[in-house]
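Engineer: Please read through the structure below; I'll follow up with questions.
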Amino acid sequence: MTNRERALNLLHYKPVDRLPAVHFGYWSELLQEWAAEGHIPKELADRWYDGGEADREIDKIIGWDFNWSRVFSGNTGLSPRFEHKVLETLPDGGQRVQNGDGIIQRIYPGVVSIPAEDDYLLKDREAFTTLFLPKMQYTPDRVNTSFFSSFNEQVYNKTDSPVGLHLGSVMGEIRNITSVVGMSYLMYDEDETLFADIVDAYAEMQYRCAEAVLETGARFDFAHYWEDICFNSGPLLSPELFDELCAKHYKRRNDLCRRYGIDLISLDCDGVTEQLLPTWFENGVNIMFPIEIGTWGDQFEPARKKFGPGMLGVGGMDKTAFRKDRAAVDRELERMRRLASLGGFIPCPDHRLMPGSRFDLVCYYAEEIKKITP
Amino acid sequence: MTIFEEISEKLQKGKAKDVAALVADALREGQAPEAILNQGLVAGMNLVGEKFRNNEIYVPEVLVAARAMNAGLTALRPSLESAGVKPVGKAVICTVEGDMHDIGKNLVRMMIEGQGIECIDLGVSVPPARVVEAVKDSGAKLVCLSALLTTTMMGQKAVIDALKEAGLRDQVKVMVGGAPVTQAFADEIGADCYTLDAASAAKAARAFFPD
Chain A
1 MTNRERALNL LHYKPVDRLP AVHFGYWSEL LQEWAAEGHI PKELADRWYD
51 GGEADREIDK IIGWDFNWSR VFSGNTGLSP RFEHKVLETL PDGGQRVQNG
101 DGIIQRIYPG VVSIPAEDDY LLKDREAFTT LFLPKMQYTP DRVNTSFFSS
151 FNEQVYNKTD SPVGLHLGSV MGEIRNITSV VGMSYLMYDE DETLFADIVD
201 AYAEMQYRCA EAVLETGARF DFAHYWEDIC FNSGPLLSPE LFDELCAKHY
251 KRRNDLCRRY GIDLISLDCD GVTEQLLPTW FENGVNIMFP IEIGTWGDQF
301 EPARKKFGPG MLGVGGMDKT AFRKDRAAVD RELERMRRLA SLGGFIPCPD
351 HRLMPGSRFD LVCYYAEEIK KITP
Chain B
1 MTIFEEISEK LQKGKAKDVA ALVADALREG QAPEAILNQG LVAGMNLVGE
51 KFRNNEIYVP EVLVAARAMN AGLTALRPSL ESAGVKPVGK AVICTVEGDM
101 HDIGKNLVRM MIEGQGIECI DLGVSVPPAR VVEAVKDSGA KLVCLSALLT
151 TTMMGQKAVI DALKEAGLRD QVKVMVGGAP VTQAFADEIG ADCYTLDAAS
201 AAKAARAFFP D
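Which chain is which? The protein sequence lines are A and B, in order. If you're matching positions, the first sequence starts at 1 in the working numbering and goes up one per residue. If you're matching positions, the second sequence starts at 1 in the working numbering and goes up one per residue.
In structure tokens form, the structure reads like this:
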């Protein structure tokens, strides 16, 4: 069987010869560690990105079958982005910068963590109308139609692994251009329709990008969203408000995908996702990903029990085991065996592999997971 | 409805301008600044914390309520100072060295301030020596340490070690929190308290300052 057949069969409850060894990439610091230890060439670490050529080369070295996050799309962000500029050099060696999303951040050399957000440009109706709305418009140059017109020959038919259409994000991108604080204030702005107008404008552009890609005839095995709108206690906004603002946009985009024959729609959301699952599932999203059990305690089985066999999963393997020992990896392999036996589930580390992950343990997992036949 | 209840209600709804106006009204009515603080603003934030703990409200509602609390405090502060009302205690708060995440830390700070505790916020990626210095300078009796990454959580231990080295460990309570932090980790590094969320952190912080 090919990797594509294995993945699609597993997610359609059909038989497979074995589980595929699937991953979701790495923190770049880990690849540099592995390069320094001589496990992978540094040039692969330097030019790695999800699903790229370097990613596939590293797959061969480790023994992975494929990265789930090999996805393609038009430009679904602000276009053009804001100019990235340094606003101030700070006395402690950091810099205050404005990023491409219009967020003012503090960055420090050598600090790996995400930057601290100080301020944001999208504060009111005027900023939305004059600065952001023009950057949220759909224009034909957002989709490289010549690339997608030859996508089947150039990409789809050349790989034996699943490839996805990236549908963008209904709320996560809004969070990116407003910050968590700004998003919260905008939800309760005196201009009561402002936040919904921002969500609607962004969603319309992303829908049209997906439509333009699909109209080229490009084939995809699944569609995929990125959201990251939950944390350790649950969602970053109320499930009711999330549903009110977002449900119609998921449904519209997912219906579009199904009209083009794409029946697998995954959604990447970190944190504890339970409270948002109804909105996603009832509006066509059917694959939980990456199901972060290690860091946040997110889980697949309760969702399967609640929503039934239509709820599928990719992920759920506690990646922190790779920083421990073989016994910890064995426990995860056993847990993955049990989860895979439910059907409609593909084991995959529950997020990007982090610094300190042992190369030998990752190779061991990739080898052993392939020995399991669900 | 009393004016205190009105302040509390508007604060819970995140109506910053209304809260500031009501505080000004209450002062004009001759209400004691301490009563406005405790029965209006702090009472409102307590209810916000409780609802957040119970998943009845979410981060945005807490943030807009905290903004309203700040608006109320700004209007009230001169009268509090004139009346000689002191905060119930002082805390130093930060995200530990190497970690730039500040949302969780800011939420905890807002909720702790909502308990009438003065917070000295050192910001993000703070070296242990700066925490020690801030404790010495301020006389704070509580240190709150946030970390969101498995790669930075050991920074909480580094602060505890630095406090020990400076001979300050017995003078302060240390609270830790953040996504990867657990009670077991808190015990392992010798912290005094771990809480799962910002509202619980505020409640625990208040307990360190008995009336």
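Even glycine gets a Cβ: it sits at the ideal position worked out from N, Cα and C. These numbers were taken from a predicted model, which means no experiment stands behind them.
Leaving out the 5 sequence neighbours to the left and right, which residues in its chain are closer than 6 Å to A/L167 when beta-carbon positions are compared?
Structural biologist: These residues qualify, in order along the chain: A210, A223, Y225, R253.
Engineer: Please classify A/D325 as buried or exposed, where buried requires at least 16 other C-beta atoms within 10 Å of its C-beta.
Structural biologist: Answer is exposed; the Cβ neighbour count stays below 16.
Engineer: Confirm, please, whether the CB-CB distance from A/P162 to A/R259 is below 8 Å.
Structural biologist: Cβ atoms of A/R259 and A/P162: not closer than 8 Å.
Engineer: Do we get a CB-CB distance below 8 Å when we pair B/A83 with the residues of chain A?
Structural biologist: Output row for B/A83: interface = no.
Engineer: Measure from the C-beta of A/P374 to each C-beta in chain B and report whether the shortest distance is under 8 Å.
Structural biologist: Cβ-Cβ to chain B under 8 Å: no for A/P374.
Engineer: Measure the C-alpha to C-alpha separation of A/P235 and A/I229 and round it to an integer number of angstroms.
Structural biologist: Going by the C-alpha atoms only, they are around 6 Å apart.
Engineer: Give the range of the alpha helix (DSSP H) segment to which A/V86 is assigned.
Structural biologist: It is not in any alpha helix (DSSP H) - A/V86 instead sits in the beta strand (DSSP E) that spans 85–89.
Engineer: How many angstroms separate the CA atom of B/V172 from the CA atom of B/I36?
Structural biologist: Taking the straight line joining both Cα atoms gives about 30 Å.
Engineer: Enumerate in chain order the residues of its own chain whose CB-to-CB distance from B/P180 is below 8 Å, with the five nearest sequence positions on each side excluded.
Structural biologist: Once the five neighbours on either side are set aside, the close Cβ partners of B/P180 are A147, L148, L149, T150, M153.
Engineer: Considering only C-alpha positions, which residue in the set A/V86, A/D124, A/L121 is nearest to A/R106?
Structural biologist: Checked all of A/V86, A/D124, A/L121; the closest Cα to A/R106 is A/V86.
Engineer: Using three-state DSSP, classify A/I265 as helix, strand or coil.
Structural biologist: Residue state, collapsed to three classes: strand.
Engineer: Going residue by residue through the stretch 121–199 of chain B, where are the continuous beta strand (DSSP E) segments of at least 3 residues, counting only ones entirely within it?
Structural biologist: Runs of the beta strand (DSSP E) inside the stretch 121–199 of chain B: 142–146, 173–177.
Engineer: Rounded to whole angstroms, how far is the Cβ of B/A91 from the Cβ of B/V131, which I believe are closer than 8 Å?
Structural biologist: Incorrect: roughly 11 Å between the Cβ atoms, too far for contact.
Engineer: Measuring only the C-alpha atoms, how far is A/L194 from A/V362?
Structural biologist: Going by the C-alpha atoms only, they are around 47 Å apart.
Engineer: Would A/R70 be called buried (16 or more neighbouring beta carbons within 10 Å of its own) or exposed?
Structural biologist: Buried, because 16 or more other Cβ atoms sit within 10 Å of the Cβ of A/R70.
Engineer: Using a Cβ-Cβ cutoff of less than 8 Å, which residues in the same chain neighbour B/L11 once the five nearest sequence positions on both sides are dropped?
Structural biologist: Once the five neighbours on either side are set aside, the close Cβ partners of B/L11 are V19, G40, L41, G44, M45, V48, A65, A68, M69, G72.
Engineer: Check whether the Cβ atoms of A/L256 and A/I287 sit closer than 8 Å, and answer yes or no.
Structural biologist: Taking 8 Å as the Cβ cut-off, A/L256 and A/I287 do not qualify as a contacting pair.
Engineer: From A/G153 to A/A218, what does the alpha carbon distance come to, in whole angstroms?
Structural biologist: One point to set straight first is that residue 153 of chain A is Glu, not Gly, in the sequence displayed. Their backbone Cα atoms lie some 9 Å apart in a straight line.
Engineer: Quick check on the DSSP output: the beta strand (DSSP E) that includes A/L237 runs from which residue to which?
Structural biologist: Looking at the DSSP string, A/L237 is not in any beta strand (DSSP E), and its letter there is neither H nor E.
Engineer: Can you name the residues of chain B whose CB is closer than 7 Å to the CB of A/P115?
Structural biologist: Result: M100.
Engineer: Just confirm the distance between the C-beta atoms of A/D318 and A/D350, as a whole number of angstroms; I'd bet it's less than 8 Å.
Structural biologist: Contact holds; Cβ gap of about 6 Å.
Engineer: If you pair each beta-carbon of the stretch 76–83 of chain B with each one of the stretch 108–122 of chain B, do three or more pairs fall below 8 Å?
Structural biologist: They do not touch, by the three-pair rule.
Engineer: Mapping DSSP to helix, strand and coil, what is B/L73?
Structural biologist: Helix at B/L73.
Engineer: I need the straight-line Cα distance from A/V314 to A/L276, nearest angstrom please.
Structural biologist: Spanning the two alpha carbons is a distance of roughly 17 Å.
Engineer: Might you give, ordered along the chain, the residues of its own chain that have their beta carbon closer than 7 Å to the beta carbon of B/R53, omitting 5 neighbours on each side?
Structural biologist: D197, A199, S200.
Engineer: Could you work out which residues of chain B lie near A/L90, taking near to mean beta carbons separated by less than 8 Å?
Structural biologist: Correct list: empty, because the minimum Cβ distance to chain B is about 11 Å.
Engineer: Under 8 Å, Cβ to Cβ, is there at least one residue of chain A near B/G14?
Structural biologist: True, the Cβ-Cβ gap to chain A drops below 8 Å.
Engineer: For the alpha helix (DSSP H) that A/R96 lies in, which residues bound it at each end?
Structural biologist: Run containing A/R96: none in the alpha helix (DSSP H); it sits in the beta strand (DSSP E), 95–98.
Engineer: With burial defined as no fewer than 16 other Cβ atoms inside 10 Å of the residue's Cβ, what is the status of A/S341: buried or exposed?
Structural biologist: Classification for A/S341: exposed.
Engineer: Just the chain B side, please: which residues come within less than 7 Å of A/P290 by C-beta, in chain order?
Structural biologist: Result: empty, since nearest Cβ-Cβ is about 15 Å, beyond 7 Å.
Engineer: Which residue comes first and which comes last in the alpha helix (DSSP H) that contains A/R6?
Structural biologist: Here the alpha helix (DSSP H) through A/R6 covers 3–11.
Engineer: From B/F4, B/G116, B/I93, B/V96, pick the residue whose C-alpha is nearest to that of B/D211; which is it?
Structural biologist: Ranking the options by Cα distance to B/D211, first place goes to B/G116.
Engineer: Pop quiz: A/H23 and A/N67 are said to be a contact at Cβ under 8 Å. What is the actual Cβ separation, rounded to whole angstroms?
Structural biologist: Between A/N67 and A/H23 the Cβ distance is about 6 Å, and since that is below 8 Å, they are a contact.
Engineer: Does A/M187 pass the burial test, meaning 16 or more other C-beta atoms within 10 Å, or should it be called exposed?
Structural biologist: Classification for A/M187: buried.
Engineer: Please name the residue, chosen from A/V272, A/P109, A/E301, that lies closest to A/E292 on a Cα-to-Cα basis.
Structural biologist: Nearest C-alpha to A/E292: A/V272.
Engineer: Could you name the residues of the same chain whose beta carbon sits closer than 7 Å to that of A/V143, not counting the 5 residues immediately before and after it, in chain order?
Structural biologist: These residues qualify, in order along the chain: G74, C209, A212, V213.
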